[in-house]
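Q:
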Amino acid sequence: MSERRALVVGATGALGPAMCRALKAGGYRLVLVGRRPDPLTRLARSLSGRALPWDITRDPALLLDLAGPVTLLVNAAVRRPLPADDEEPWSPEVMRRLLEVNAVAPAQLVRAFAARLDAPGLAVLLTEEEPPLSPYAASIAALETMGPALVEDHPLCALRFLSQPRAPGVNAARTAAALMGLVAAAGS
Numbered sequence: 001m002s003e004r005r006a007l008v009v010g011a012t013g014a015l016g017p018a019m020c021r022a023l024k025a026g027g028y029r030l031v032l033v034g035r036r037p038d039p040l041t042r043l044a045r046s047l048s049g050r051a052l053p054w055d056i057t058r059d060p061a062l063l064l065d066l067a068g069p070v071t072l073l074v075n076a077a078v079r080r081p082l083p084a085d086d087e088e089p090w091s092p093e094v095m096r097r098l099l100e101v102n103a104v105a106p107a108q109l110v111r112a113f114a115a116r117l118d119a120p121g122l123a124v125l126l127t128e129e130e131p132p133l134s135p136y137a138a139s140i141a142a143l144e145t146m147g148p149a150l151v152e153d154h155p156l157c158a159l160r161f162l163s164q165p166r167a168p169g170v171n172a173a174r175t176a177a178a179l180m181g182l183v184a185a186a187g188s
């Protein structure tokens, strides 16, 4: 595959649009994934990309079938607990959803992506720094612990984590530049 194609999951989140613009400027054709169809379609149109409304917890193999061949996977989809007034952060339901969105679904997506590669590829998983004693931090720690095992049987796939400060300290332009640095270092 001569053209560079990237699948960006969580494209309409806080950092997604900046990362998508940087990838487009870097010569990537984009397949953008997000749960909210209207902003996703607008973003995809502005970048001459393709929009795939999708929830990361759905079947990753089907998502990859719909996306077509890609050699760069960027996952910026995360689920944070709502404020304590809205939900109890340590409730079993919230903890299950955090683990599902932040650890299980990205792990399944990376495994499915890696298994499909017939040329070198890169998976980049965005995480947010968090105080260590929180349900969100536990879900990210689970994913980071699985990291090496996700691609160990897939020598064509490199996996990198891109950790960013928690909002409001996050800077979208800096995140996009860090992403492009990882992409350049991997030669993708």
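Numbering (this note's numbering), first residue to last: 1 to 188.
Positions of the beta carbon are idealized from the N, C-alpha and C atoms, including for glycine.
With a CB to CB cut of under 7 Å and the five nearest residues on each side skipped, what residues in its chain are close to Leu99?
A: Result list for Leu99: Ser139 and Ala142, in chain order.
Q: Starting from Ala123, follow the beta strand (DSSP E) in both directions and report where the run begins and ends.
A: Gly121 to Glu128
Q: Return helix, strand or coil for Asn102, following the three-state DSSP convention.
A: helix
Q: If you compare alpha carbons, which of Ala25, Arg79, Gly16 and Gln164 is closest to Pro39?
A: It is Gly16.
Q: Considering only their Cβ atoms, is the gap separating Val9 from Ala114 smaller than 8 Å?
A: no
Q: Measuring straight from C-alpha to C-alpha, what distance separates Thr145 and Ser163?
A: Rounded to the nearest angstrom, the two C-alpha atoms are 14 Å apart.
Q: Say whether the stretch 87-99 touches the stretch 33-52, bearing in mind that this needs 3 or more beta-carbon pairs closer than 8 Å, one atom from each stretch.
A: Verdict: no, contact absent.
Q: Thinking just about the alpha-carbon of each residue, which of Val170, Val74, Arg36 and Ala112 is nearest to the one in Asp65?
A: Ala112
Q: Leu156 and Ala107: beta carbons closer than 8 Å?
A: no
Q: Straight-line CA distance for Ala11 to Leu182?
A: Taking C-alpha positions only, Ala11 is separated from Leu182 by approximately 18 Å.
Q: How would you call Glu129, buried or exposed, if buried means at least 16 neighbouring beta carbons within 10 angstroms?
A: So Glu129 counts as exposed.
Q: Output the distance between the C-alpha atoms of Ala178 and Ala105, rounded to the nearest integer angstrom.
A: 23 Å
Q: Using beta-carbon positions only, say whether Val70 and Ala14 come within less than 8 Å of one another.
A: no
Q: Can you give me the C-alpha to C-alpha distance between Ala184 and Asp153, rounded to a whole angstrom?
A: 23 Å
Q: With DSSP run on the structure shown, which of helix, strand or coil describes Val151?
A: Helix.
Q: Where in the stretch 25-105 do unbroken runs of the alpha helix (DSSP H), each at least 4 residues long, occur, reported from the N-terminal end onward?
A: 37-46, 60-67 and 92-99
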